[in-house]
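Visitor:
In the numbering used here, the protein residues as written are 168 to 287.
1) When the Cα of residue 230 is compared with those of 189, 211, 241, 224, which residue comes out closest?
2) Within this structure, are the beta carbons of residue 189 and residue 168 separated by less than 9 Å?
3) Does the stretch 241-252 touch the stretch 175-183, meaning 3 or more C-beta pairs lie closer than 8 Å?
4) What is the DSSP secondary structure of residue 178, reduced to helix, strand or coil?
5) Along the chain, where does the beta strand (DSSP E) containing residue 322 start, and where does it finish?
6) Count the other C-beta atoms from every protein chain shown that fall within 10 angstroms of the C-beta of residue 232, then say buried if there are 16 or more, exposed otherwise.
7) Kindly give me the distance between the Cβ atoms of residue 196 and residue 187, rounded to whole angstroms, as I take these residues to be in contact under 8 Å.
8) From the DSSP output, in three-state form, read off residue 195 for me.
9) Mapping the DSSP letters down to three states, classify residue 170 as helix, strand or coil.
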């Protein structure tokens, strides 16, 4: 993680991700290569601290989000939305954080049925 980030593991999903604290209700715009998901202030810890997360649209056909927005990560569904997560490195510790969706984060569109291009 960068110097202003910490490794976060959200209860109920596997993997983790590096997350900076929110600045008011905004997040830094730097994301990993290949990621098109926009950082949003979407996590709240048990102590009340707010942190940023990459929100995505879960898809049954694409593990990294309906539009590949998580890059090399996985889009995992939690509380009706998707969260980009990444496999934890061996020996890497993460802070357990409860995921709360603030009212300022709009709901993601309903998942549309897609065809699987790898099968006929």
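Backbone N, C-alpha and C fix where the C-beta goes; we use that ideal spot for every residue, glycine too. Just so we're clear, the structure is a prediction, and the values are computed from it rather than from any experiment.
Guide: From the atom records:
1) 241 is the residue among 189, 211, 241, 224 whose C-alpha sits nearest the C-alpha of residue 230.
2) no
3) yes
4) coil
5) Since the first residue of the chain shown is 168 and the last is 287, residue 322 is not available in this structure.
6) Flag for residue 232 reads buried.
7) About 11 Å separates the beta carbon of residue 196 from that of residue 187, a gap too long to meet the 8 Å contact definition.
8) Three-state DSSP puts residue 195 in coil, outside helix and strand.
9) coil
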